[in-house]
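2 protein chains.
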Amino acid sequence: MSTQQFTNQNNASAGNSSAVRVGVLGFGGLGQAAARVLAPKHEMLWVAAADQKGYACNPEGLNPDACIKVYQSQGSLGYLEPAGRLSSNSIADLIENASVEGYFLALPNLPNTFMASVARQFIQSGWRGVLVDAMKRTSAVEQMLELQDELQEAGITYMTGCGATPGLLTAAAALAAQSYAEIHRVKITFGVGIANWEAYRATIREDIAHMPGYNVERAMAMTDAQVQALLDETGGLLTLENMEHADDIMLELAGICSRDQVTVGGVVDTRNPKKPLSTNVQITGRTFEGKISTHTFTLGDETSMAANVCGPAFGYLKAGVMLHRRGIYGLFTAAEVMPQFVR
Amino acid sequence: MSTQQFTNQNNASAGNSSAVRVGVLGFGGLGQAAARVLAPKHEMLWVAAADQKGYACNPEGLNPDACIKVYQSQGSLGYLEPAGRLSSNSIADLIENASVEGYFLALPNLPNTFMASVARQFIQSGWRGVLVDAMKRTSAVEQMLELQDELQEAGITYMTGCGATPGLLTAAAALAAQSYAEIHRVKITFGVGIANWEAYRATIREDIAHMPGYNVERAMAMTDAQVQALLDETGGLLTLENMEHADDIMLELAGICSRDQVTVGGVVDTRNPKKPLSTNVQITGRTFEGKISTHTFTLGDETSMAANVCGPAFGYLKAGVMLHRRGIYGLFTAAEVMPQFVR
């Protein structure tokens, strides 16, 4: 392996024939954004997707516009002509029928056991390749940790917590930590602005579950009307503090600090695409000379949640493919591996 | 490989007996800072160092205070009792006599061919392990690129450009790029404050070489009195624009942008430890939705150049050791690999 070989490998896969064949599981707001992110890439080809009711796969590549149109008008990719199939077991059927090297799991975070159950499906199917999730909750990542031996034995390279936060901001914290002899605090504060919450129904319920007086069960049970009523009360803003976010366990696993030194909070504006504040992570520590200081990584306000989640997810997928092709399997977090830029 | 195994490996090397045995080549300001950075680490043990006139090695570990005292009072580590040896061929002698898994090359960047010539010495010696440099210039990294096949064949994992810039800030740019479909510009602006330039004689000449009207030869030929006279003219400030910095080629090699989209500049205050401005990198790009935006990574003002160079250098050394132990050799840049936190 060398920088030259990295480059050659990239060049070699620039044509579609050698592009990494990618699938997307889940086709809500995040899955649809993932399809649009993938569309212009030369190094990856989007060939497979599944939702709750069906799936679609085409070795020549799927068309995002056609897929999104079918999903929005008919409720499932299974209605896509001719590549779609309706199925009550869509993930298992897709795994069996599609030739895919890496999947992005753009699935709802809830219930909290869901992602691990999907990982088990992959393990049991005998499929080998790369899986990437953008999971949020610490407890969900803990469940993935229990699967690490099984993932390794199955020949699966699983990249967990590889969205925006955890993901991009966790990696920035891991990087920033390098300047310090010890880390005192990692503080993640996010601002999210979305013009229309109904495009992100699952994500919004996940956010509500973090609010005082709510939990996962209560948030999941809310009807759209109840969500709307809550948002009417708060002027469309969701203010979240001390959220259970897996950035904490990921930085602990990387040996950077203990999980109680990591805090995550933020403000979601569900009525305005402009962010209520600039998403940032602050890393405070002590240098070897005894100085206390803080590095800050701030995301540009014009970057959407979709861009900051899907971009890193595919960057980690590419890094995962490089590991997988070298026979390196098991579980990795966004804090351990450098994502690779996908052209 | 798995997160669990990462953790176990870390735990296993927590005692000195299994710590990574580290050497430092060069014992000016940067090498001395490296010794102080290493001192409290459990996962690494500083056992070897060389300067122009001699070397010192001790498998039980070297004492930074004793080494710095001898070097400053007598001009070489070779005078250290009992671990020091004077030598006109100090690097080759150290390679032969010390048992070291990874070296940090805290050597002057000038002449521009120096680092590659040291790498060749390692290749020719038959030594196998990890080398890390904090080189600055694009042309110096280009020379390392020519050695990649030889490094790989020699069983050496060489991490280049792994200081602050290039290094920490290049990696931050590579990470930030993940949010974007294409990158328009990477702009690195650094502020450095040092109380006493005479502690960083080589580094200051390297900076002067970037100034209008100067070049490497002219800067290297300057006497201390001439440097002092220049600094008297500028009030102790060195203002640098469009510097030849290897961040450009490293981001190009990582496929993130072309080198002409990367600019590096800054201000060095040689009379004040306070930074004249906050060191930062701005990454501007276009998201998949067509939005133009800029992510920013800013270093805390209280962090010194030494902390921001040596911390990342050893973080990349740890990452390099993990690659080397898996049989992954060759040349890597700071933009390709996530540095690992050293405890």
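Heads up: the protein sequence lines correspond to chains A and B, in order. Residues in the first sequence are numbered consecutively from 223, following my numbering. Residues in the second sequence are numbered consecutively from 223, following my numbering. All C-beta atoms, glycine included, are put in the ideal place defined by N, C-alpha and C.
| Query | Result |
| --- | --- |
| Continuous beta strand (DSSP E) stretch holding G324 of chain A: start and end | 324-327 |
| Pair within 7 Å by beta-carbon distance, A341 of chain B and V246 of chain B | no |
| Chain A contact for E375 of chain B (CB, 7 Å cutoff) | no |
| Anticipated Cβ contact below 8 Å, P281 of chain B with V269 of chain B, distance rounded | 6 Å |
| Terminal residues of the beta strand (DSSP E) in which D355 of chain B lies | 351-355 |
| C-beta contact flag for T509 of chain A and Y436 of chain A at 7 Å | no |
| Whole-angstrom distance between K263 of chain B and V484 of chain B, CA atom to CA atom | 35 Å |
| Proximity below 7 Å, CB of C279 of chain B to CB of A320 of chain B | yes |
| Contact set for A398 of chain B: own chain, Cβ-Cβ below 6 Å, skip 5 residues either direction | I505, H517 |
| Nearest-angstrom Cα separation, counted from K497 of chain B out to A523 of chain B | Going by the sequence as given, residue 523 of chain B is Asp instead of Ala. If you take the alpha carbons of D523 of chain B and K497 of chain B, they lie about 6 Å apart. |
| 7 Å CB neighbourhood of G377 of chain A in its chain, flanking five on each side removed | R350, Y551 |
| Beta-carbon separation (whole angstroms), V352 of chain B vs L475 of chain B, contact threshold 8 Å | V352 of chain B to L475 of chain B, Cβ: 19 Å. No contact. |
| Test: S224 of chain B CB closer than 7 Å to a CB of chain A | The predicted model places S224 of chain B with a pLDDT of 47, which falls under 50 and marks its position as unreliable, so this point remains unresolved. |
| Secondary structure, beta strand (DSSP E): runs of 3+ residues fully inside the stretch 389-415 of chain B | 404-415 |
| Three-state secondary structure (DSSP) of N502 of chain B | strand |
| Classification of N334 of chain B by the beta-carbon crowding that lies within 10 angstroms, buried from 16 upward | buried |
| Beta strand (DSSP E) segment containing H432 of chain B, residue limits | That residue, H432 of chain B, is in no beta strand (DSSP E); it is neither H nor E in DSSP. |
| Minimum Cβ-Cβ distance from E524 of chain A to chain B less than 7 Å | yes |
| Complete runs of the alpha helix (DSSP H) confined to the stretch 260-331 of chain B [at least 4 residues] | 286-296, 312-319 |
| Contacts of Y422 of chain A in chain B (Cβ-Cβ under 9 Å) | Going along chain B, no residue has its Cβ under 9 Å from Y422 of chain A, so there is no contact; the nearest lies around 15 Å. |
| Exposure of P304 of chain B, with buried meaning 16 or more beta-carbon neighbours within 10 Å | exposed |
| Any C-beta of chain A under 7 Å from that of I410 of chain B | no |
| Three-state secondary structure assigned by DSSP to I193 of chain B | No answer is possible for residue 193 of chain B: the residues shown for chain B start at 223 and end at 565. |
| Rounded straight-line distance, which links the Cα of A255 of chain A to that of Y422 of chain B | 50 Å |
| Counted within 10 angstroms of its Cβ, other Cβ atoms place A234 of chain B as buried (16 or more) or exposed | Interpretation of A234 of chain B is limited by its pLDDT of 38, a score under 50 that renders its predicted location unreliable; the figure taken from the coordinates is listed afterwards. Flag for A234 of chain B reads exposed. |
| Euclidean distance between Cα positions of T379 of chain B and L473 of chain B | 20 Å |
| Chain D residues whose Cβ lies nearer than 8 Å to that of K513 of chain A | Structure shown: chain D not included; protein chains present are A and B. |
| S312 of chain A to Y301 of chain A span [Cα, whole Å] | 13 Å |
| CB contact check: I290 of chain A to chain B, cutoff 7 Å | no |
| Strand pairing of L453 of chain A, partner residues [DSSP] | L453 of chain A pairs with nothing; no bridge assigned. |
| Meets three-Cβ-pair contact criterion under 8 Å: the stretch 551-563 of chain B and the stretch 384-396 of chain B | yes |
| Proximal residues of chain B, C-beta to C-beta of M560 of chain A below 8 Å | A393, A396, L397, A557, E558, V559, M560 |
| Sheet register partners of R243 of chain A (DSSP bridge) | A:L267 |
| V490 of chain B vs D429 of chain B beta-carbon contact at 7 Å | yes |
| Whole alpha helix (DSSP H) elements within the stretch 466-521 of chain A, 4-residue minimum | 469-475 |
| 8 Å Cβ shell around P495 of chain B - same chain, five flanking residues per side excluded | G415, I416, A417, S526 |
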